[in-house]
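Here numbering that gives the first Met the number 0 is used: position 17 in the sequence shown is 16, and no number is missing along the way.
A virtual CB, placed ideally from N, CA and C, is assigned to each residue, including glycine.
Quick notes on the structure that follows.
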Amino acid sequence: MKTLRKITDIADIIVFVCTTLAVAGVFYEGMTQKWYDFVGVLVVCMDYSFLPTTILHLAADKKDLRLLPHIISALMLAAAVVMKLAGTDYPAWSLVLWYFYIWFLYGTMLAKRFFQRPASRDRSNNHS
C-alpha cells in the first residue's frame, strides 16, 4: 500500500502541474484573443492525467476520509464521458468549473500534504 501511496503522491503533482499549465494557457488565449494549438495539448494532458489519478485514489484511499472528493471526481468523469458519447456539447462555464475544480482539488491536497509533513516528522522524532 505504501507503493500505491507514493505513486498517487507523484500523480497528484503531475495533475496539479498539468492543470496549472492548462489554466494558464486558457487564460493566455483569453488575453490575446487567439487560439493556440499548445493549449489544447495542455488541456488533454490535464484530462488524461486526472482520469488515472482519480482511479488510483479510489483504490488507495478506499478506507480514508479523502475518498469523497475522488468519488465526486469519478462521477464527474462518468458524466463527461456520457455527454461525449451522446454528442452533447459542454457549456463554456462547465469547462471553467472543471478546470478550477481539478486545480483547487489537487492544489489543496498538495498544500495539505506539504503543511502536515513537518508536524508528523516532529511527532515521529519525539517517539524515537
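Positions of the alpha helix (DSSP H) runs, each at least 4 residues long and wholly inside the region 62-105, are given as 66-85 in order along the chain. Leu104 sits close to Pro68, with the two beta carbons spaced by under 9 Å. Taking the CA atoms as reference points, Tyr35 sits about 7 Å from Glu28. With a contact defined as Cβ atoms closer than 8 Å, Leu55 and Leu76 miss out at about 13 Å.
Taking each of Ser72, Trp102, Lys111 and Phe114 in turn and checking the Cα distance to Ala21, the smallest one comes out for Trp102. Asp88 counts as exposed, since fewer than 16 other C-beta atoms from the protein chains shown sit within 10 angstroms of its C-beta.
Looking at the backbone, the Cα of Gln115 and that of Ala85 are separated by about 43 Å. In the three-state reduction of the DSSP assignment, Lys33 falls in the coil class. Under the 10 Å beta carbon count, Leu74 is surrounded by fewer than 16 other beta carbons and is classified as exposed. Distance check between Cys44 and each of Gly24, Lys5 and Thr2 places Gly24 closest, using alpha-carbon atoms only.
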